[in-house]
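Visitor: Dropping the structure in here first, questions after.
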Amino acid sequence: MIDSVLMMLHAIERGDSAATFVRENPATAKVGVLDLGVTRGDGIFESVGVYSNVPLQLDAHLERLARSARMLDLPSLDLSVVKQAVLASIAAHEPAKELLSKIVITRGIEGGHGLTGWVLTTTGIDYSTARARGVRVVMLDRGYRSDVAQTAPWLLQGAKTLSYAVNKAALREAARRDADDVVFVSTDGVLLEGPASTVLLRTGDSLFTPAWDFGVLPGTTQRAVFDVAAGLGLDTSYARLTVDDLRNSDAAWLLSSGRLVAPIRAIDGQQHPVDASLTAALIERLTGPPGR
Ligand code: PLP
Numbered sequence: 048m049i050d051s052v053l054m055m056l057h058a059i060e061r062g063d064s065a066a067t068f069v070r071e072n073p074a075t076a077k078v079g080v081l082d083l084g085v086t087r088g089d090g091i092f093e094s095v096g097v098y099s100n101v102p103l104q105l106d107a108h109l110e111r112l113a114r115s116a117r118m119l120d121l122p123s124l125d126l127s128v129v130k131q132a133v134l135a136s137i138a139a140h141e142p143a144k145e146l147l148s149k150i151v152i153t154r155g156i157e158g159g160h161g162l163t164g165w166v167l168t169t170t171g172i173d174y175s176t177a178r179a180r181g182v183r184v185v186m187l188d189r190g191y192r193s194d195v196a197q198t199a200p201w202l203l204q205g206a207k208t209l210s211y212a213v214n215k216a217a218l219r220e221a222a223r224r225d226a227d228d229v230v231f232v233s234t235d236g237v238l239l240e241g242p243a244s245t246v247l248l249r250t251g252d253s254l255f256t257p258a259w260d261f262g263v264l265p266g267t268t269q270r271a272v273f274d275v276a277a278g279l280g281l282d283t284s285y286a287r288l289t290v291d292d293l294r295n296s297d298a299a300w301l302l303s304s305g306r307l308v309a310p311i312r313a314i315d316g317q318q319h320p321v322d323a324s325l326t327a328a329l330i331e332r333l334t335g336p337p338g339r
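Per the numbering used here: the sequence shown = residues 48 to 339.
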């Protein structure tokens, strides 16, 4: 049974004459101890949800990979090779209802030339309970103002970098507070995002998500949700949202490629209403044939 497929990427900068990918055994493949991805977390990644062997929003993930590369001043990538590698790794995996393909690109070996990169397709985390039962979140201060992306772009807010130690620490803090996940808030009270998710609110027939200007990662799942919203009779807005907007919403969700749509059922220990029928309708549209 082939349950984990690795494609190592070679010479993937645009303009390299021989950009390629080569299948390797994930159990024995190696990344060097001088690799800047390992020593400094200096690199970027994407996690692509794969449903019934079809990668969702693959072009949007590739566009965002290129955006992150620009934000980190990495050389521009040959995205067509990355795309072929993703498709090949999915095709080589045992067919499954849900998979996750992770693309990783690092700045490469310190003092060397060229990027390090790979695509790994595996069975992802099982999010069925989060989708069905909902998640309990705590709101945590991110420690930055909401204009950080404009005033301090070197903090890389809104890039999908390999430096997720802070995001993981926030999730451990949530667990200490008897919650499952986090919604970050800026020092000036603006609602941001989860450590690995976009926040979505519904008030009446309107969906809201934090605008990208506030240093949040532009979510591919959120964009797909906005694309199908009109078909469900909902309008959509990017907005400056506050803690009270979340607390007073009719329903709220965390969105991401792996979990898709997980309703928020508690905020800082207070119950929050769950819209199970809209959750189910969104998941169906995101994963069903017309939404692909
Ligand atoms: N925001 C952050 C910080 C993330 O890490 C992620 C995904 O991991 C998201 C939002 C959601 O993005 P997407 O829906 O493209 O997976």
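Idealized CB from N, CA, C, for every residue including glycine.
For threonine 169, is the beta carbon positioned less than 7 Å from some heavy atom of the ligand PLP?
Guide: no
Visitor: If you scan the region 170-255 from start to end, which runs of the beta strand (DSSP E) of 3 or more residues do you find wholly inside it?
Guide: 182-188, 228-232 and 245-250
Visitor: Aspartate 63: which of Leu126, Ala298, Val151 and Pro102 sits nearest, CA to CA?
Guide: Leu126
Visitor: Tell me whether glycine 266 counts as near the ligand PLP, meaning its Cβ is closer than 7 Å to at least one heavy atom of that ligand.
Guide: yes
Visitor: Please return the same chain residues whose Cβ sits closer than 7 Å to the Cβ of alanine 243, not counting the five positions on each side in sequence.
Guide: Asn214 and Ser303
Visitor: With C-beta atoms as the reference, is glycine 164 less than 8 Å away from leucine 301?
Guide: No.
Visitor: Since I believe serine 148 is in contact with threonine 168 (beta carbons under 8 Å), could you give me their beta-carbon distance rounded to a whole number of angstroms?
Guide: The beta-carbon separation of threonine 168 and serine 148, rounded to 4 Å, stays under the 8 Å limit for a contact.
Visitor: Enumerate in chain order the residues of its own chain whose CB-to-CB distance from valine 275 is below 8 Å, with the five nearest sequence positions on each side excluded.
Guide: Leu329, Arg332, Leu333 and Gly338
Visitor: So what does DSSP say about arginine 339, is it helix, strand or coil?
Guide: Its pLDDT being 46, under 50, arginine 339 is placed unreliably by the model, and nothing is read from it.
Visitor: Would valine 184 and isoleucine 314 be called neighbours here (beta carbons separated by less than 8 Å)?
Guide: Closer than 8 Å, so yes.
Visitor: Any heavy atom of the ligand PLP closer than 7 Å to the CB of glutamate 60?
Guide: Between the ligand PLP and glutamate 60, a heavy atom-to-CB distance of less than 7 Å is absent.
Visitor: Relative to the C-alpha of alanine 116, which candidate in Tyr98, Gly84 and Ala206 has its C-alpha closest?
Guide: Ala206
Visitor: Per the contact definition of three or more C-beta pairs closer than 8 Å, is the region 145-161 in contact with the region 276-293?
Guide: no
Visitor: In three-state DSSP terms, what is serine 51?
Guide: Strand at serine 51.
Visitor: Should isoleucine 137 go down as buried or exposed, given a rule of 16 or more other Cβ atoms within 10 Å for buried?
Guide: buried
Visitor: Here's the rule I'm using: 16 or more other beta-carbon atoms within 10 Å means buried, otherwise exposed. How should isoleucine 311 be labelled?
Guide: buried
Visitor: Is it buried or exposed, leucine 202, if we count other Cβ atoms within 10 angstroms and call 16 or more buried?
Guide: exposed
Visitor: Please state if the CB of alanine 76 and the CB of threonine 67 are separated by a distance shorter than 8 Å.
Guide: Going by C-beta atoms, threonine 67 is not nearer than 8 Å to alanine 76.
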